[in-house]
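Report on one structure; see the data block that follows.
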Amino acid sequence: MALLHVNFFSNVLGVNTNMEVILPQKAYFTLPDKESYPVLYLLHGMSDDCTIWARRTSIERYATNYGIAVVMPSAQLSWYSDMAYGGRFFTFFSEELPDIVHDFFPRISKKREDTFVAGLSMGGYGAFKLAFRKPENYAFAGALSGAFDVKNKVIIQEVWDLAFGSNDKIDGSVNDLFFLSQELKKSIKEIPQLYFSYGKDDELVYAGNKRMEKHLTELGIEHICQEHEGSHTWEFWDEHIKDILANLPIKK
Numbered sequence: 008m009a010l011l012h013v014n015f016f017s018n019v020l021g022v023n024t025n026m027e028v029i030l031p032q033k034a035y036f037t038l039p040d041k042e043s044y045p046v047l048y049l050l051h052g053m054s055d056d057c058t059i060w061a062r063r064t065s066i067e068r069y070a071t072n073y074g075i076a077v078v079m080p081s082a083q084l085s086w087y088s089d090m091a092y093g094g095r096f097f098t099f100f101s102e103e104l105p106d107i108v109h110d111f112f113p114r115i116s117k118k119r120e121d122t123f124v125a126g127l128s129m130g131g132y133g134a135f136k137l138a139f140r141k142p143e144n145y146a147f148a149g150a151l152s153g154a155f156d157v158k159n160k161v162i163i164q165e166v167w168d169l170a171f172g173s174n175d176k177i178d179g180s181v182n183d184l185f186f187l188s189q190e191l192k193k194s195i196k197e198i199p200q201l202y203f204s205y206g207k208d209d210e211l212v213y214a215g216n217k218r219m220e221k222h223l224t225e226l227g228i229e230h231i232c233q234e235h236e237g238s239h240t241w242e243f244w245d246e247h248i249k250d251i252l253a254n255l256p257i258k259k
């Protein structure tokens, strides 16, 4: 596999930003050659950046057996949102970034069936937001320790205010995953495959994940939800990113 660090300019954000990209390499690629590679957009959590997945997990090694590209972009403290006071990060992730990726790496597939998104904590929230708002773009969304219930689990108020405006503006908005999933269910759009897991001892997101599991079940939206030993740690995420990869609907 090849690991690249890419600096580039975003017209949407109006600044230079960056991403880490893992690309399949024939020397290690054990699956048959393909004209294009599936891609997993892998999102980081709060306080981290595009380098963290490669530094704290073995994602490059794990991805080798799947023949996929992995794109790990930086999101700052945006919560993958068009911020109330800040950049238009949702627009960047949902519209501009895929175009940039395909321009730089033409062997990465543009097909929905080959496009997946996942993340941890804030990145899990971002993955589900992208899947719920742009289901036509993704065949799969996954979350590890997803911070789904943003209204009821404020971590740093100043960050929330910048991203969302205020807590009372979240319910029923484009930042409310529970509302977005209801609207998606009402639509005629194909729903991406959903997978999420969390640790039994993760006080930060445990209640929100249980709520999401109950909510999706009541809506009749198919999903896989798993509860494991562990907490909000890199040991947990390094172990269970392997579950994300194993559940990707990769066409062989």
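Whatever position you read off the sequence shown (first residue = 1), add 7 for my numbering.
C-beta: ideal position from N, C-alpha, C; glycine also.
Mind checking which residues open and close the alpha helix (DSSP H) that includes residue i?
{"i": "residue 135", "result": "129-140"}
{"i": "residue 108", "result": "104-111"}
{"i": "residue 247", "result": "241-254"}
{"i": "residue 48", "result": "Not the alpha helix (DSSP H): residue 48 falls in the beta strand (DSSP E), residues 46-50."}
{"i": "residue 70", "result": "66-70"}
{"i": "residue 61", "result": "59-63"}
Confirm, please, whether the CB-CB distance from residue j to residue i is below 9 Å.
{"i": "residue 70", "j": "residue 112", "result": "no"}
{"i": "residue 80", "j": "residue 100", "result": "yes"}
{"i": "residue 218", "j": "residue 156", "result": "yes"}
{"i": "residue 152", "j": "residue 216", "result": "yes"}
{"i": "residue 87", "j": "residue 133", "result": "yes"}
{"i": "residue 148", "j": "residue 202", "result": "yes"}
{"i": "residue 104", "j": "residue 142", "result": "no"}
{"i": "residue 19", "j": "residue 122", "result": "no"}
{"i": "residue 150", "j": "residue 135", "result": "yes"}
{"i": "residue 226", "j": "residue 189", "result": "yes"}
{"i": "residue 198", "j": "residue 229", "result": "yes"}
{"i": "residue 48", "j": "residue 125", "result": "yes"}
Residue i lies in the beta strand (DSSP E); which residues open and close that run?
{"i": "residue 216", "result": "That residue, residue 216, is in no beta strand (DSSP E); its alpha helix (DSSP H) goes 213-226."}
{"i": "residue 22", "result": "22-30"}
{"i": "residue 201", "result": "200-206"}
{"i": "residue 235", "result": "231-235"}
{"i": "residue 87", "result": "From DSSP, residue 87 is part of no beta strand (DSSP E); its letter is neither H nor E."}
Taking residue i as the reference, give the member of the options with the closest Cα.
{"i": "residue 25", "options": "57, 171, 118 and 131", "result": "57"}
{"i": "residue 9", "options": "30, 103 and 18", "result": "30"}
{"i": "residue 59", "options": "32, 45, 16 and 12", "result": "12"}
{"i": "residue 213", "options": "249, 159, 62 and 193", "result": "159"}
{"i": "residue 172", "options": "90, 67 and 78", "result": "90"}
{"i": "residue 255", "options": "54, 72, 65 and 42", "result": "72"}
{"i": "residue 222", "options": "247, 187 and 250", "result": "187"}
{"i": "residue 243", "options": "32, 253, 28 and 63", "result": "63"}
{"i": "residue 7", "options": "42, 53 and 253", "result": "Any property of residue 7 remains undetermined from this structure, which presents the chain solely from 8 to 259."}
{"i": "residue 146", "options": "33, 23, 257 and 43", "result": "257"}
{"i": "residue 119", "options": "85, 170 and 196", "result": "196"}
{"i": "residue 51", "options": "85, 253 and 246", "result": "85"}
Consider the Cβ of residue i: report whether some Cβ of chain E lies at a distance smaller than 9 Å.
{"i": "residue 224", "result": "In the structure shown, chain E cannot be found, because there is only a single protein chain."}
**Asked** Looking at C-beta atoms only, is the number of pairs between the segment 112-123 and the segment 169-177 that lie closer than 8 Å three or more?
**Response** No, the segment 112-123 is not in contact with the segment 169-177.
**Message:** Quick check: the segment 180-191 against the segment 160-168, are at least 3 beta-carbon pairs closer than 8 Å?
**Reply:** The segment 160-168 vs the segment 180-191: no contact.
**Message:** For a minimum of 4 consecutive residues, which ranges assigned as the alpha helix (DSSP H) are wholly contained in the segment 164-189?
**Reply:** 164-171
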